[in-house]
Every structure is written in C-alpha cells, then in structure tokens.
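Take a look at the structure set out below.
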Amino acid sequence: MQRREWLTAGMGVAGASLLAGQMARAGPAGAAQGRKLPPLRIFDVQTFVTAPAGIRLVVVKVLTNEAGLYGLGCATFTQRARVVETAIDKYLKPFLIGKDPLQVEDIYQSSWVSSYWRNGPVLNNALSGVDMALWDIVGKRAGLPVYQLLGGKCRDGVDTYFHASGKDFATVEKAVRAAMDKGWRHVRAQVTVPGLATYGTGGATGGIEGDPKVPPNRRAQVWEPGPYVRIVPRLFEHLRKQLGDRVELLHDVHERVPPILAMQLARDLEPFRLFFLEDPFSPEDVGYFKHLRKLTSTPIAMGELFNNPNEWLDLIAGRLIDFIRVHLSQIGGLTQARKLAALCEFFGVRSAWHGPGDVSPVGHAVNVHLDLAIPNFGIQEGRIFTQAEQDVFPGCPALRNGYYHASDRPGFGIDIDEKLARKFPISDDPPFDLRWGNVRRRDGTSVRP
Ligand code: CO
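Written as structure tokens, this is what we have:
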C-alpha cells in the first residue's frame, strides 16, 4: 500500500488533507522526507489504576510500533476500577494487538461487539479508555490537537461550574461568593439536610461515617426525601435574595427522590431561575420527563448514569431535556460522545459532560477538547486539580477565571508520569467505596445513591 493510503486511512477527508499538508511541509514525527513508513500497529495496551487525589482512576495507554508514539484515555469507573482493569488487560488488549490505531471508528465498532453483550458500564469504560487513546494517537500523528480534528475551536475557553456546599444556608452562600470571587459565573449549590446524609455536601470519597461498632459494609447513611425537597427551594430563595442575579445557580438531585417529589421540587425552584436542575429522575424513571416538561420550565440536565443510546435517544428527539450530562467513558469514549453531541445539536440540547473527581485528568482533557469543538456546548463541570493530580498527569487542562483551556500540543496534550502514578495505589481492602449502596431510609429501605 502507498504510504499516504495507509497513513490516512480512517481519518476522513479533512484529517487526511491536513495530514498531507503537514507531510508536504516538513512532516510530523515519522512521516518526514517521503520515506515509506511501516504500517502503524498497536504494540501494547497498558492499564494504570491510580488515586493521586484519593479517588480511584483508571487510565489506558495504547502504545504503537512507532517509538514514542502512544495515546492516553480515561476508563474511570471508580466504583469498579479493578473490573475495568481486567476487561482491558484480559479481553480488549488481545483483541487489539497488531491492529491499525488510526482506524478509530472500526476499532470502536468491532471492540463494541466483541463481547456480543454490550453497553454495560464496565465494558464501555474499557472501550472508552482505548478509544480516547486512539484519538490521542491520531492527533499526535497528525501534529494537531484533537479539537482541530473535530472541526476546530468554536470558542476561546470552556466555561465551567464550581461546586459549593455547606451545612447551612450561610455556609453555602459563603462558598458561592468565594467561587464568584475566583471568577466562576456558574455555581452548583447543595445544602445538608439536618440530621441526614445528604448527597453533595460531604467529601467526595473516603471513609464511611456512622457507628464505629458496626462493620463499615453495614453502616447505613440515613436519608429521607421529604425534608430534602422542602429545604432546597428555601436554599435558593436565600441565595437569590443575597446574591441577586449575578451568578447562574445549579443543583443536583442525584436521582434520590420519588418522581413526584422531584416534580414538585422542579416547580418550586422555578422562581429562582436555575441554570439547570440535574438528574431529577433515575434512568429507570425517564418516562416521567414528558410529564415534567408540561409542568415547569426549569431547565433539566440528565444522563450521567447513561450507558446505552436507547437511554438518551427519546429524551433528545422528544426535546424533553436541555443538557446532556453523560460521563464520556460510560458511553464509549470520544467516538460515541461526538455523535451524541451532533445529535443534540439538531434538537437544541446543550452539553454538560460529567466532570467531577472521578473523571481522570485525561478524561477532563478529552471533555475540554470536545467542549471547544462543538457548537452546542452548554457548560462543563469543573474542578481544581490537586498538585498530586497535576504531577501525575502533566498537561492537565488549565483553569483560569472559571474557564478550562486545552493544551495546544498534538493529541489531548496530557501525559502520565507512570512512576509517580504507582506511588498512589488504590486500596484493595476493599477496592471500592462502601458508601455506595448503603444509603437507606429510616426504616432500612435501600435508596438510590
Ligand atoms: Co450528578
């Protein structure tokens, strides 16, 4: 095969002509001086499980037969990190060795059906880690940042929202003000319901609270939906009274309440003009969205638990949500997410990709490249990377004045310090966070987390 044919196969016309232009000038790494290059092949697939910020992250490295050319992707499913690691090492790696890493779409499609049963969170995360790594390789091969492969920048920076929480209204208000002072224009606000284990108001990970005499795997975090749906509108009434309209406010229900209470809440919040209300229903209750739409104009964000296209197709085509909020590595990576973004574009749905601490800095970089390139960008959930995260992942997206900025280096512009990553091993005793699955009503009934 001619050099150009194999080198550009699967890149699409734009990528191929850009690449041809690059090669005609001086040539990116490995493509110089008109030499005939050996075909590019996947040489190895490696999985890193690391926790530099105390949160279990899974990152995939795909190596090629060209010295120094590799890609990174995020496969983080923090609750089941070891299972994803096994899916990559034992199942995807043997399927991929020797294949052409530039055939991103074909590798996505064939890997996706290689298990026959598909669209589950474990296999989707494994697949996503590989998929993002392949996009990183294509970018490095072409000498271009990935946002350029996706059509180029639609904006200068990626507007993010920050998390503010507290034990009472005054503390939340203080946290919102602090975020505004640092430049954020969008803030998610969550308040503790007195006496109850409230989502979004404690630490992101770590130990489990409760009676130390009870083994941690049986310690319940008590939660009642009634007091929660009554206190939240009062929080936003307080915030609007104190802060006026100078900030966009967001809130996450986290699927914790019965659908009818979520509908009451969405309507009660309408006077306070939220930027969005997130996950009012669980994925099992999406049938309620058509009723909610008739009841209130509170903007709705949904989807961080979605895995399967059938979970979002009707919501988007029916114009029942305003923001799509998937965790990119839950749905199959960048290949799937850019199609989802394009689908949303035609229905006026904007993006709000999942981006807390259980998305690795590599995953955040992928979010940011996609955010820059899509016309229907809405908002990006952001966070301040810890020093340890920045050290393990050189090239974390830069956060300035509430905006993320992508690196302009080829690919996603982010790397991993493997030696340092190993200094932050995940605990294997147990290898998961016991708080998930232990939220219960006062009478002991299990609640969605
Ligand atoms: Co959420």
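In this text, residue positions in the sequence shown follow the working numbering: the first is 1, and each later residue adds one. Glycine residues also receive a C-beta, built at the ideal position from the N, C-alpha and C atoms.
Distances from the CB of residue 279 to the heavy atoms of the ligand CO include at least one below 7 Å. Just so you know, the alpha carbons of residue 98 and residue 382 end up roughly 37 Å apart. Taking C-beta atoms under 8 Å as the contact rule, residue 331 and residue 347 fail to qualify, at a distance of about 17 Å.
No heavy atom of the ligand CO is found nearer than 7 Å to the CB of residue 284.
Distance from the C-beta of residue 163 to the nearest heavy atom of the ligand CO is not below 7 Å. The three-state secondary structure of residue 242, taken from DSSP, is helix. In this chain, residue 288 is not harboured by any beta strand (DSSP E), its DSSP state being neither H nor E. For residue 189, the three-state secondary structure derived from DSSP is strand. Taking 8 Å as the cut-off, the beta carbon of residue 440 is found no closer than this to the beta carbon of residue 191. For residue 398, the beta-bridge partners assigned by DSSP are 405. The distance from the Cβ of residue 304 to that of residue 279 is about 7 Å, consistent with a contact at the 8 Å cut-off. Judged by the Cβ position, residue 252 qualifies as a neighbour of the ligand CO at the 7 Å threshold, a heavy atom of the ligand being closer than this. Counting every other CB atom within 10 Å of its CB across the protein chains shown gives residue 374 a total of 16 or more, marking it as buried.
For residue 260, the enclosing alpha helix (DSSP H) has its first and last residue at 259–268. Looking only at 69, 51, 56 and 38, the smallest Cα-Cα distance to residue 411 is reached by 69. Not one heavy atom of the ligand CO falls within 7 Å of the beta-carbon of residue 311.
Looking at 140, 105, 86 and 95, the one whose alpha-carbon comes closest to that of residue 44 is 95. With a cutoff of 7 Å, residue 304 counts as near the ligand CO, since its C-beta is closer than that to a heavy atom of the ligand. Residue 134 and residue 298 have their alpha carbons spaced roughly 39 Å apart. Under the DSSP assignment, residue 248 falls in the beta strand (DSSP E) whose first and last residues are 248–252. Here residue 397 has 364, 365, 368, 404, 405 and 406 as same chain residues with Cβ atoms under 7 Å from its own Cβ, once five neighbours each way along the sequence are excluded. In the three-state scheme derived from DSSP, where H, G and I count as helix and E and B as strand, residue 278 is classed as strand.
Runs of the alpha helix (DSSP H) lying entirely within the stretch 34–92 and spanning at least 4 residues, in chain order: 81–86.
Residue pairing of residue 297 in beta bridges, as defined by DSSP: absent, with no partner found. Bounds of the beta strand (DSSP E) holding residue 158 are 158–166. Listed in chain order, the non-local C-beta contacts of residue 233 below 6 Å within the same chain comprise 268 and 269, local neighbours out to five positions each way being set aside. Exclusion of the five residues before and after residue 420 leaves 391 and 392 as the residues of its chain whose Cβ lies within less than 7 Å of its Cβ.
Exclusion of the five residues before and after residue 193 leaves 227, 228 and 231 as the residues of its chain whose Cβ lies within less than 6 Å of its Cβ. The beta carbon of residue 254 lies closer than 6 Å to those of 199 and 279 in the same chain, with the five residues before and after it left out. Put simply, the stretch 106–125 does not touch the stretch 339–357. Fewer than three CB pairs are less than 8 Å apart. Contact between the stretch 169–176 and the stretch 131–148 is absent: fewer than 3 CB-CB pairs across the two stretches fall below 8 Å. As the crow flies, the alpha-carbon of residue 106 is around 28 Å from that of residue 315.
Put simply, the stretch 428–444 touches the stretch 76–90. At least three CB pairs are less than 8 Å apart.
The shortest C-alpha to C-alpha distance from residue 448 to any of 372, 188, 283 and 325 is the one to 283.
Cα atoms of residue 444 and residue 251: separation of roughly 27 Å, rounded to the nearest angstrom.
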